[in-house]
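So the mapping is simple: this note's numbering equals the position in the sequence shown, first residue as 1, plus 5.
Below is one structure, written out as structure tokens, with a few remarks after it.
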Amino acid sequence: MRWLFVFSGVLLCAGQPASSSCPLQLSPPSPVVRFGDPFRVNCSSTAGQIESMGLESVYGSEKSEGVSSVAMEITSVRDWDMSVICYMNRPNVPQCSTDLPVTVYKTPDRVSISQASLAGPLVEGETYSLECDVVNVAPVRNLSVHWYMGEKMVLAQSFDGSSLSPVNATSVYNLTARRADDQSRIRCEAQLDFWAAVPSPPAVKSESRAVVVLYPPTFAQPGNETLELPAGGKFILNCSATGNPTPVYGWRAPGAVRLTGPEGNRSLLAPPFPLPGTYECTASNTRGSASKYFTVPQAPRNHTTMAALLGAFLSLAVVISFGGLLLLTPRGNFSFSKGGYLIGRPASSAPI
Ligand SMILES: *[C@@H]1O[C@H](CO)[C@@H](O)[C@H](O)[C@H]1NC(C)=O
Ligand SMILES: *[C@@H]1O[C@H](CO)[C@@H](O)[C@H](O)[C@H]1NC(C)=O
Ligand SMILES: *[C@@H]1O[C@H](CO)[C@@H](O)[C@H](O)[C@H]1NC(C)=O
Ligand SMILES: *[C@@H]1O[C@H](CO)[C@@H](O)[C@H](O)[C@H]1NC(C)=O
Ligand SMILES: *[C@@H]1O[C@H](CO)[C@@H](O)[C@H](O)[C@H]1NC(C)=O
């Protein structure tokens with residue numbers, strides 16, 4: 006009601022809006038002022054024959070006679086809902102006026118991520134609602150909250166609301182925990198965005214919180230492997246897996262021999278007595294376990310041994326066929342027509 010009283014002088018003539026018929030320019034054209042700061046506004050006109058001009062606000066009024074501008078200084082803005090009215094009186098023209106809203110802002114007292122959501126480690130695949138609390142900010146319709154995971158912005162949220170005085174606002178970010186987020190830091194920032202040609206006040210940042218994501222072991226090289234046994238006979242099996250908590254390893258050598266002790270809990274295994282066969286490795290942590298199999302085939306014999314064996318076998322075959330005893334079956338196997346001879350167990354009459 007104070008308002009009505011203050012600019013009753015304007016209301017008398019129910020001022021027409023600023024237009025070509027009411028050539029008033031206010032400076033600044035869209036004012037933004039921090040609560041408590043000083044504020045200065047100037048109203049000028051290009052019209053001729055001005056009797057008087059005036060500026061009115063809850064802080065008082067200014068009037069000028071016979072000049073084309075009027076200015077007002079407010080030492081400290083202490084109203085959230087504030088506007089300034091400029092009016093002009095000319096001879097034989099009804100009084101006209103323009104109403105300039107002033108954006109009065111306040112940066113938040115505090116911006117914080119609520120404790121509960123990140124109190125413990127997160128589990129991969131689960132979704133967590135994280136809250137960013139913004140305390141005592143105005144005006145809420147110019148507020149935006151930005152969430153950052155590391156330096157990457159993951160959510161930007163703006164707010165509706167008509168309140169011009171300070172409010173508390175909460176932004177919710179539904180985070181689905183991914184292993185890539187493990188060991189990241191998350192924070193939120195509250196920003197007041199003004200389209201006017203004034204610098205927006207700096208963002209107010211929350212503390213950054215560590216994100217810990219638990220996930221089951223995953224092998225660096227997935228899938229079972231078949232190894233070529235190298236000439237030296239030595240080989241290394243790589244069972245390295247990522248996981249949180251750090252996986253522990255277990256190995257079984259061929260013949261179900263379990264490797265125990267610190268030798269067994271290794272991501273890499275270099276068997277001291279390499280044996281062909283199947284090695285099994287298991288990586289486990291609290292989130293699960295995974296197994297991987299390494300097949301090491303029987304070593305192929307080297308060429309000299311092969312040649313010697315082949316030669317011995319051929320000479321045996323030649324000797325036997327001369328004896329008229331060897332036949333080749335349609336399946337390509339050697340067999341002996343008469344029951345008396347078996348490979349590897351020559352009968353006493355065979356001429357060896
Ligand atoms: C208001 O602004 C106009 C134009 O910038 C300027 O000419 C005038 O002197 C100013 N008036 C006051 C009272 O500051
Ligand atoms: C905002 O939160 C603060 C503390 O969290 C509280 O003191 C204050 O009353 C709240 N303001 C509103 C408008 O709810
Ligand atoms: C976040 O999750 C909550 C609870 O599951 C849900 O009510 C809310 O709509 C979600 N918010 C967004 C922005 O997805
Ligand atoms: C504040 O936000 C509203 C709504 O987005 C916008 O229209 C207005 O221009 C903003 N205020 C300033 C001073 O930029
Ligand atoms: C690896 O071998 C095991 C046992 O032979 C089998 O159960 C498993 O499905 C294999 N895994 C892959 C990825 O091929």
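C-beta: ideal position from N, C-alpha, C; glycine also.
The alpha helix (DSSP H) runs lying completely inside the region 164 to 245 and spanning 4 residues or more number zero. DSSP places Pro267 within a helical segment (H, G or I) once states are collapsed to three. Asn249 counts as buried, since at least 16 other C-beta atoms from the protein chains shown sit within 10 angstroms of its C-beta.
Ala121 and Glu136 have their alpha carbons spaced roughly 9 Å apart. Along the region 87 to 144, the alpha helix (DSSP H) does not occur as any fully enclosed run of 4 or more residues. The beta carbon of Ser170 lies closer than 7 Å to those of Trp85 and Ala143 in the same chain, with the five residues before and after it left out.
Distance from the CA atom of Pro28 to the CA atom of Leu105, rounded to whole angstroms, is 14 Å. Going by beta carbons, Gln196 and Ser149 fall inside the 8 Å limit.
Taking the Cα positions, Arg257 is about 30 Å away from Val128.
Around ligand 3, the residues selected by a Cβ distance under 6 Å to any of its heavy atoms are Ser134, Val177 and Asn179, following chain order. Relative to ligand 2, even the nearest heavy atom lies 7 Å or more away from the CB of Val116. Per the Cβ contact rule, the region 220 to 239 is not in contact with the region 196 to 206 (fewer than 3 Cβ pairs under 8 Å).
Exclusion of the five residues before and after Asp187 leaves Val218 and Asn249 as the residues of its chain whose Cβ lies within less than 6 Å of its Cβ. When the Cα atoms are used, Val89 and Arg39 turn out to be separated by approximately 16 Å. For Met58, same chain residues with a beta-carbon under 6 Å away, outside a window of 5 residues either side, are Ser69, Val75 and Met93 in chain order. Cys27 has no beta-bridge partner at all, per DSSP. Taking all protein chains in view, the Cβ of Met158 is surrounded by fewer than 16 other Cβ atoms within 10 Å, so the residue is classified as exposed.
Nearest in C-alpha terms to Val63, of all of Ser35, Ala52 and Ser81, is Ser81. Across the set Ser73, Ser176, Val172 and Ile79, the C-alpha of Ser176 shows the shortest separation from the C-alpha of Tyr153. Taking all protein chains shown into account, Leu274 has 16 or more neighbouring C-beta atoms within 10 Å of its C-beta and is therefore buried.
Spanning the alpha carbons of Tyr254 and Val262 requires a straight line of approximately 15 Å. In this structure, the straight-line span from the alpha carbon of Thr103 to that of Pro206 is close to 28 Å.
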